[in-house]
Amino acid sequence: MSTGTTLSSTSLAALRDLYGIKVDGSAHRAMVDVNALSLILSRLTSDLKLTLSDLVKKSFTESDIINSKNKKKN
630 MSTGTTLSST SLAALRDLYG IKVDGSAHRA MVDVNALSLI LSRLTSDLKL
680 TLSDLVKKSF TESDIINSKN KKKN
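End of the sequence shown = 703 in the working numbering, gap-free, step of one.
Below, the structure is given as structure tokens:
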């Protein structure tokens, strides 16, 4: 991905197009979408220079996890 690239949408199809990922099967089928997402995640984290640990830290805070557990108890 080049610096300054913009997307017209953040849809799965737009991300697949951005990274040139071909689908093997029909889009919107569970495993097809999961496989596409795994390839997108790998390329996106590489472009952003994030490790899996960095990604999790940026995505979830301790309070998010605690709040999620509290909601499940109720």
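Note that beta-carbon positions come from the ideal geometry of N, C-alpha and C, so glycine has one too.
When the Cα atoms are used, what is the spatial distance from residue i to residue j?
i	j	result
T634	L666	19 Å
L647	K687	23 Å
D683	S697	20 Å
S671	V661	16 Å
For residue i, which residues from the same chain have a beta carbon less than 6 Å from its beta carbon, with the 5 sequence-adjacent residues on both sides left out?
i	result
R645	A665
S631	Reliability of the predicted coordinates at S631 is poor, the pLDDT of 49 falling under 50, and the value obtained from them is presented with this limitation in mind. None.
L636	A643
With C-beta atoms as the reference, is residue i less than 8 Å away from residue j?
i	j	result
A643	A656	no
State the CB to CB distance for the pair residue i and residue j, rounded to an integer number of angstroms; the pair is presumed to be in contact (CB under 8 Å).
i	j	result
L668	I650	5 Å
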